[in-house]
Each structure stands twice: as structure tokens, then as C-alpha cells.
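**Student:** Input: one structure, supplied below.
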Amino acid sequence: MRRINGGVCAPLGFSAGAAAGGIKYKDRDDTAIIVSESPCTLAGTFTSNVVKAAPVIWDRELVKKNKKVRAVVINSGIANAATGEEGLILCRKSAVSAMSILGLPDENVVLGSTGVIGAQLPIDRLSNGIKGAKEVMSRSAESADRAANAILTTDTHKKEIALTFELGKKTVTMGAMAKGAGMIHPNMCTMLAFITTDAKISHEMLQKALSDCVGTSFNMISVDGDMSTNDSCLVIANGKAGNKKIVEADDDFKTFEKALQIITLFLAKSIAEDGEGATELLECRVKKAKSKKDAVALSKSVIESNLTKAAVYGHDANWGRIICALGYSGVKFDPYQTDISVRTGITLDDEVEEEIKAISKDKRKNLRSMFFDGEGDELFLCRGGMPAEYSEEIATKILSSKHVIVTCYMNEGKADAVGYGCDLTHKYVDINADYRS
1 MRRINGGVCA
11 PLGFSAGAAA
21 GGIKYKDRDD
31 TAIIVSESPC
41 TLAGTFTSNV
51 VKAAPVIWDR
61 ELVKKNKKVR
71 AVVINSGIAN
81 AATGEEGLIL
91 CRKSAVSAMS
101 ILGLPDENVV
111 LGSTGVIGAQ
121 LPIDRLSNGI
131 KGAKEVMSRS
141 AESADRAANA
151 ILTTDTHKKE
161 IALTFELGKK
171 TVTMGAMAKG
181 AGMIHPNMCT
191 MLAFITTDAK
201 ISHEMLQKAL
211 SDCVGTSFNM
221 ISVDGDMSTN
231 DSCLVIANGK
241 AGNKKIVEAD
251 DDFKTFEKAL
261 QIITLFLAKS
271 IAEDGEGATE
281 LLECRVKKAK
291 SKKDAVALSK
301 SVIESNLTKA
311 AVYGHDANWG
321 RIICALGYSG
331 VKFDPYQTDI
341 SVRTGITLDD
351 EVEEEIKAIS
361 KDKRKNLRSM
371 FFDGEGDELF
381 LCRGGMPAEY
391 SEEIATKILS
401 SKHVIVTCYM
411 NEGKADAVGY
421 GCDLTHKYVD
431 INADYRS
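Quick look at the structure:
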């Protein structure tokens, strides 16, 4: 398994393009397309928000009915959420327009939208964007990059990755792009994520792999506690690699799922790191909790704590805010058995390389457990629920790094979990005070 360039165009048979349709932005691409040479198996996970955007409803039906798809069309600027029946009609018109422009008669099209809620999507501008994207569409890494940038809103950079690995004697590739910086508090995946692969895999096993992976990646991040109406994570597989079709949870499935886990976790962390106004990635590892459910709740409570996030921004080792967040998580535990430490993490790109190395050394290694191994020395701020002796100077240096890891040892069991968030800065308010202007 190794990391390669190419994003969503890295797998065989996929092309991408992007163009400016003028949907909202005046000076940038806002329409992206991904097209497969052949029909794709589709899997997806979606927001659990009661208010669901029209494209979420559209895509969810395609997944539910196990429809084959040939193309993905994404626009930024307008979310097509809270738009009533007209929004759903616009989805159908968008799909029909895309099929006509891309020359895909009677083929299904996946849709994704992100941006302002409550505004109707201008179908003429979207169609212009699709036409422009088709004109520059190619299998190049540059086209993948352009598509990854076109789907951004308040993001400061693209989120993109691709891996190649072996299934049997066949080389299989997986590529992905995502967007998300604000309104990040998912309970399935996150804002928008699109994953392509040339693996041959059944709908049931593709859906199982995706559902398994989002539980420890996208479901474990939070930027601001606001769950989007448009959250969607979609995987399309065209089978071009020619591997033996994955139809059960065998060794090939496990390898496929490991690759998907690396990709979803990288994208999820990238989104948390790029939280609106953020300067640091905040990672909370909970160890030795009574149950997995407890560990998940505890880690999420810490990364969602505004006081903790503000303390990290201020480089203040105020561990009282962390133990307080553990205390209101809804989990019962003995605070006088709790230890809390901080350490500096490595970059996300380096983490991917470390994950791949771990797999190559031991193919049986469980990816979900390897993220608990520390990078560098940890500094204990709290021992047994009481202040530990530590250097404030060293603590400040740790909390000034780009990646801060907080570890909470509950010392009551064997369950672990990891949550990912970011610091809370003045800029977050500035961005969201002016979002529509």
C-alpha cells in the first residue's frame, strides 16, 4: 500500500473537471464533476439532521435502491437546503441536464451541494458550470485538484488523497476529495466527501466498509457543534481494476477497508484541522474507559468543549476544563482515577505514511488501535483527578504546536476512542458573522 498523486482521478476510468458557473462566487470555480467510463456501484452515508437538503434526499434514494451511477455533480455557494418541493425538482433537472451535457442517457447522476441554506439553486448557472467542466475534463491530477478546489466554501485549502494497494494480483486504487470547515458536527460522516475506486466490490460490502469507517473518522470530528443539512459521504466503484469481486468479509475486504479507513480518517482530520478560523488540530484520546460507547462520548465531549478549545487557542494548560468536559459527557466514572496528559502530534501527511508502514510490517495490525501510540513525550497535567507537577513553560510549548494531543486515562476498563477538533479563535466569529455577504 502506498500513497500516490491524482486524487479522484487516480483510479482507472475516472475523469474530473471544474468550472465557474457563477452560482454564487464571481471569481472562482464553483462546479465540479467526476465521471466514470463505466457504471459504478454506489454507497453512501448522510446527515442525521431532520432538515435534509434536496441532494441528500436524492442521493439517499439512489443508495437505497442500489442504483448504478456514472457521474457526480457538485456545486458550491448554494446548499439547495430548506428549498421545499422546488429543491427536489431542481435536483431532477440538474441530473437530466448533466446526463444530456455529459452524454449519459438513462444513467444516474449523484448530486452534492454546499453553501447558503434557503436559496434556490439557479439551474441555468449550474448547467453552464457543468458545460465548462466537461470542456476541461480529463484524467489528470491537475483536473482532480481543480475539482477538489471547486467544492470549497470557507475552507482554506483542498482536502485530497489517493492510495494504491494489491487485491490478489491486481493493483487497486482509491482516490478522494472532501470539503468542510464550518457547520461540522456530523453523526454519519461530514460535510461533503467523494471517494472513487476501481475495485470490483458488491454494493452490500461497499456500504459495510463505508459505514464501518465513518464511525471512527467522520463521526469523531467536531468544529463548532452545528450539524449540517447537507452532510454526505459517497463512494463509487467501477470495477476497472479487474480484481476478484469482493462479496464477503474476506482478506481482500479487510485490505480494502484498511485503505478506506486511512482515506476517511485523513479527510476527517483535514477538515477538523481546517476548522473555520482554526490554528491547531485538537485530538482527544480516551484510554481505558469502561466501554467503547463511554470512550466515544468522553472524547467527543472534550473536543466539543468551547472552553477547552479556547484554552488550546490561548496555549493555556487549563486541564480543569478538560476534566469538567469529561464530567458532563453523560458517562459515569470515578474522577479520582483519571489522568490527563498533553503531547505534540505529527503532521497528517506523516501520519498517513506511518499508517502505511505499520500495515506493511504487520498486515494483521488493527488500524483503529494504532492511533493510540504516542508521538513524543507526554506531559501529565493531572494525576488521579488532582494537579500533577509539571512545567507551565513546557505545557505552553506543547499547546502552541499545530497538532495537540490530549490523552485522558480513565483507568476503569480497556476501551479506547479518539475524537478530533480544533481550537476556537476570534476569526471563527468573524467568518460566520459575514457568511452570506
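Residue numbers (this note's numbering): 1 to 437. Every residue, glycine too, gets a C-beta built ideally from N, C-alpha and C. Note that the structure is a prediction, hence the values are computed from the model and not measured.
(1) Roughly how far, in whole angstroms, is the beta-carbon of R3 from the beta-carbon of V352, given that I think they are within contact range, below 8 Å?
(2) Look at K200 and G239 and say whether their C-beta atoms are less than 8 Å apart.
(3) Report the rounded CA-to-CA distance for V302 versus I322, giving the unit in angstroms.
(4) Assign M446 to one of three DSSP states: helix, strand, or coil.
(5) Is the CB-CB distance between A16 and D29 below 8 Å?
(6) Closest to S270 by CA distance: which of N243, I346, I236, F253 is it?
(7) Could you work out which residue in K26, L234, G84 is closest to S211 when comparing CA atoms only?
(8) Across which residues does DSSP place L281 in a beta bridge pair?
(9) Just reading off the beta strand (DSSP E) that G115 is part of, what are its end residues?
(10) What's the C-alpha gap between N66 and I130?
(11) Based on DSSP bridge pairs, tell me the residues matched to V35.
(12) When DSSP labels each residue in this structure, what does Y25 get in the three-state scheme?
(13) Only counting runs of 3 or more residues, tell me where the beta strand (DSSP E) segments fall wholly within the stretch 235-303, in order along the chain.
(14) Would you identify the three-state DSSP class for L179, choosing helix, strand or coil?
(15) Helix or strand or just coil, what does DSSP make of T153?
(16) Quick check on I405: buried or exposed, where buried means 16 or more other Cβ atoms within 10 Å of its Cβ?
(17) Hey, how far is the Cα of S76 from the Cα of G330?
(18) So T152 packs on E273, CB below 8 Å; how close in whole Å?
(19) Would you say T279 faces chain C, with C-beta separation under 8 Å as the test?
(20) Tell me which residues share the same chain as G242 and place their Cβ nearer than 6 Å to its Cβ, disregarding the 5 neighbours each side in the sequence.
(21) In chain order, what residues of the same chain lie with their CB nearer than 6 Å to the CB of G376, ignoring the 5 residues before and after it?
(22) Compute the Euclidean distance between the alpha carbons of K357 and D124, then round it to the nearest angstrom.
(23) Run through DSSP, which three-state label would S127 get?
**Tutor:** This is what the structure holds:
(1) Translated into the one-based positions of the sequence shown, residue 3 becomes position 3. Translated into the one-based positions of the sequence shown, residue 352 becomes position 352. About 6 Å; that satisfies the 8 Å criterion.
(2) Start at 1 with the first residue of the sequence shown, and residue 200 comes out as number 200. Start at 1 with the first residue of the sequence shown, and residue 239 comes out as number 239. In this structure, G239 lies closer than 8 Å to K200 by Cβ.
(3) By one-based count along the sequence shown, residue 302 stands at place 302. By one-based count along the sequence shown, residue 322 stands at place 322. Approximately 6 Å, taken between the alpha carbons.
(4) Since the displayed the chain opens at 1 and closes at 437, residue 446 lies outside it and no answer follows.
(5) Working through the sequence shown from its first residue, we reach residue 16 at position 16. Working through the sequence shown from its first residue, we reach residue 29 at position 29. The answer is no: Cβ separation not under 8 Å.
(6) Within the sequence shown, numbered from 1, the residue matching residue 270 stands at position 270. Minimum Cα distance to S270 is reached at I346.
(7) Position 211 of the sequence shown, counting from 1, holds the residue named residue 211. S211 has its Cα closest to that of L234, out of K26, L234, G84.
(8) One-based indexing of the sequence shown puts residue 281 at position 281. Answer by DSSP bridge pairing, in chain order: H403, C422.
(9) Walking along the sequence shown from the start, residue 115 turns up at place 115. Looking at the DSSP string, the run of the beta strand (DSSP E) that includes G115 is 108-116.
(10) For the purposes of this step, residue 66 is taken as residue 66 along the sequence shown, with counting starting at 1. For the purposes of this step, residue 130 is taken as residue 130 along the sequence shown, with counting starting at 1. Taking the straight line joining both Cα atoms gives about 25 Å.
(11) As a position in the sequence shown, residue 35 is number 35, starting the count at 1. Bridge partners of V35: S15, A71.
(12) As a first step, residue 25 must be located in the sequence shown, where it is residue number 25. Reduced to three states, the DSSP call for Y25 is coil.
(13) 281-289
(14) Within the sequence shown, the letter at position 179 stands for residue 179. Leu is not the amino acid found at residue 179; the sequence shown has Lys there. DSSP places K179 in strand when its eight states are reduced to three.
(15) Stepping through the sequence shown from its first residue, residue 153 is reached at position 153. Three-state result, T153: coil.
(16) In the sequence shown, residue 405 corresponds to position 405, counting from 1. I405 should be labelled buried.
(17) Residue numbering aside, residue 76 sits at position 76 when the sequence shown is read from its first letter. Residue numbering aside, residue 330 sits at position 330 when the sequence shown is read from its first letter. Cα to Cα, the separation comes out at about 37 Å.
(18) Within the sequence shown, residue 152 is the residue found at index 152, counting from 1. Within the sequence shown, residue 273 is the residue found at index 273, counting from 1. Here the sequence assigns Leu to residue 152, which means Thr is not the residue at that position. Not a contact, Cβ separation roughly 14 Å.
(19) The structure shown contains no chain C; it holds only a single protein chain.
(20) As a first step, residue 242 is located in the sequence shown; it is residue number 242 there, counting from the start. K170.
(21) Within the sequence shown, the letter at position 376 stands for residue 376. Unreliable positioning characterises G376 in this predicted model, as indicated by a pLDDT of 49, which lies under 50. The coordinate reading is nonetheless provided below. If we look at G376 and ignore the five residues flanking it on each side, its Cβ neighbours are R343, T344.
(22) Indexing the sequence shown from 1 puts residue 357 at position 357. Indexing the sequence shown from 1 puts residue 124 at position 124. The straight-line gap from Cα to Cα measures roughly 48 Å.
(23) For this step, residue 127 is matched to residue 127 along the sequence shown. Looking at S127 - three-state DSSP - the assignment turns out to be helix.
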